[in-house]
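One structure below.
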Amino acid sequence: MKVLNSESIKLCYQIPGNDFTIAGEASSNVKKTLTQLGVRPDIIKKTSIAMYEAELNAVIHANGGIAEVEIDSNKITIKIKDKGPGIPDIELAMQEGYSTASDIIREMGFGAGMGLPNIKRYSDKLDINTQ
Numbered sequence: 001m002k003v004l005n006s007e008s009i010k011l012c013y014q015i016p017g018n019d020f021t022i023a024g025e026a027s028s029n030v031k032k033t034l035t036q037l038g039v040r041p042d043i044i045k046k047t048s049i050a051m052y053e054a055e056l057n058a059v060i061h062a063n064g065g066i067a068e069v070e071i072d073s074n075k076i077t078i079k080i081k082d083k084g085p086g087i088p089d090i091e092l093a094m095q096e097g098y099s100t101a102s103d104i105i106r107e108m109g110f111g112a113g114m115g116l117p118n119i120k121r122y123s124d125k126l127d128i129n130t131q
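Residue 1 is where the sequence shown starts when you use this note's numbering, and the numbers rise one by one after that.
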């Protein structure tokens with residue numbers, strides 16, 4: 001990964017809850033930044049998918065939050081800090097197809113239960129801290 005100097009790049013984005021008009025903008029901006037830095041396309045793809053899924057989970061389930069991204073020459077770290085009530089059963093939530101999304105969210109084309117499984121699939125490491 002090419003980073004212009006030895007310092008890391010830090011990005012921060014507000015994620016609005018339940019606002020689907022701008023949902024995905026943070027992950028799109030990170031994708032553009034990684035492209036400008038000359039990051040390999042496969043890493044950009046993995047990062048973009050994982051971040052998009054995490055961002056949408058914050059929009060749908062957690063009344064929004066903050067996305068913090070740190071890019072350095074060895075890794076990309078994404079932290080999503082949301083305002084949600086927590087995940088009661090992480091093991092269940094990690095199962096493909098499991099969803100607590102409302103019918104309205106599903107009618108909009110979201111909430112298929114692939115968010116957390118896709119984040120895990122496209123991340124080298126996934127830590128979930130819930131209360």
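Note that CB positions come from ideal geometry on N, CA and C, so glycine has one too.
As the structure is a prediction and not an experimental result, all values here were calculated from the model.
Boundaries of the beta strand (DSSP E) around Glu-70: 64-71. Contact between the stretch 105-123 and the stretch 43-53 is present, with at least three C-beta pairs closer than 8 Å. Around the beta carbon of Asn-57, 16 or more other beta carbons lie within 10 angstroms, which makes this residue buried. For Thr-77, the uninterrupted beta strand (DSSP E) segment begins and ends at 76-82. Setting aside the 5 residues that flank it on each side, Thr-35 is surrounded in the same chain by Ile-44, each with a C-beta closer than 7 Å to its C-beta; the list follows chain order. Less than 9 Å separates the beta-carbon of Gly-64 from that of Lys-83. Excluding the 5 residues flanking it on each side, His-61 has same chain C-beta neighbours closer than 6 Å at Gly-84, in chain order. Between Gly-86 and Ile-104, the alpha-carbon positions lie close to 21 Å from each other. Lys-125 carries a coil assignment under DSSP once its states are collapsed to helix, strand and coil. Distances from the alpha-carbon of Ser-8 to those of Thr-77, Thr-130, Gln-131, Ile-90 put Thr-77 closest. Each residue's CA atom was taken as its position, placing Asp-124 and Gly-38 some 20 Å apart.
Beta-bridge partners of Pro-16 (DSSP): Gly-64.
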